[in-house]
Amino acid sequence: MSAKDRHFTIFETVAGWCGIAWTAGGVARFQLPVSDMEGAERLLLRRMPDAVRADPPVEVGEAIAAARRYFAGKPTDFSEIRLDFHPQDPFFARVYDRVRRLGWGETTTYGAVAKELGAGPEAARDVGRAMATNPIPLIIPCHRVLAAGNKIGGFSAPGGSDSKRRMLETEGVCLAPPAPAQQSLAF
């Protein structure tokens, strides 16, 4: 695919500057918010260096509007946005398809995704790798996939686990530390 086939734009949300890249097949990359426009562009182009800046077509404009609504705290569904994340490892593609069906405020775990896909518990790590290399975070909501015990787990986006926690809190998900298994005895 040549540069003339890959396009991007940078846009502002209440959470910071985001980037989105697309092809004729759909959205191909998404950059979660960072503090400045130059940083968003640099991070987006790091993974799609041959993309050229362009005005977004209507369909991509709708994805941008949805991202702005999301970061403004409004329940948003990204499941109908057309994506182009090919070529992709077949297992990762299945993981992304499953995770896309998670709705606003709904979470699951790496192990649960592996099980739903018919893989054994050892595949939870592969699910984690798919989430860590997700080219279209937010639209493929990898932030909704947690570690065992509903722990936050890792997050490869800027801000790491703190960003993941903020995104989940935006959706009303609170991951408070678990209550102690045993209460201390007062004598």
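So the sequence shown is numbered by numbering that gives the first Met the number 0: it starts at 0 and just counts up by one. Heads up, the beta-carbon is just placed ideally off N, CA and C, and yes, glycines get one too. Predicted model, so just to flag it, every value in this text is computed and none were measured.
Can you list, in chain order, the residues of its chain whose CB lies under 6 Å from that of A71, leaving out five sequence neighbours each side? Only V13 meet the Cβ criterion.
Looking at C-alpha atoms only, which residue of R45, G24, A129, T22 is the closest neighbour of P89? It is A129.
Taking DSSP as the reference, what is the three-state secondary structure of P120? Looking at P120 - three-state DSSP - the assignment turns out to be helix.
In whole angstroms, what is the alpha-carbon distance linking L234 and P74? The structure shown does not extend to residue 234, since the chain spans only 0 to 186, so no value can be given for it.
Please list the terminal residues of the continuous alpha helix (DSSP H) segment that includes V26. Counting along the chain, V26 sits inside no alpha helix (DSSP H); it lies in the beta strand (DSSP E) bounded by residues 25-33.
So what does DSSP say about E11, is it helix, strand or coil? Strand at E11.
Helix or strand or just coil, what does DSSP make of C141? It is helical.
Three or more C-beta pairs closer than 8 Å, one from the stretch 18-28 and one from the stretch 44-52: is that the case here? Segments in contact, yes.
With DSSP as the reference, label T107 as helix, strand or coil. Reduced to three states, the DSSP call for T107 is strand.
Considering only the alpha carbon of each residue, which of N149, W21, G119 lies closest to A82? Sequence check: residue 82 is Leu here, not Ala. It is W21.
Measuring only the C-alpha atoms, how far is E227 from T108? Outside the shown range of the chain (0 to 186) lies residue 227, about which nothing can therefore be said.
Are the CB atoms of G110 and A147 within a distance shorter than 7 Å? Yes. Within cutoff.
State the Cα-Cα distance for the pair K163 and K150, rounded to the nearest angstrom. If you draw a straight line from the Cα of K163 to the Cα of K150, it comes to about 11 Å.
Nearest to E79 (by Cα), restricted to the options L101, E37, T8, E105: When only C-alpha atoms are compared, the closest one is L101.
So, under 8 Å CB-CB, V98 and V144 are touching, yes? Tell me the CB distance rounded to an integer number of Å. Taking 8 Å as the upper bound for CB-CB distance, V98 and V144 are in contact here, some 6 Å apart.
Considering only their Cβ atoms, is the gap separating A122 from A131 smaller than 7 Å? No, Cβ-Cβ distance for A131 and A122 is not below 7 Å.
With distances taken Cα to Cα, identify the nearest neighbour of G104 among W16, V59, H142. It is H142.
Pick from I135, D4, L174: whose alpha carbon is nearest that of A66? Closest by alpha carbon: I135.
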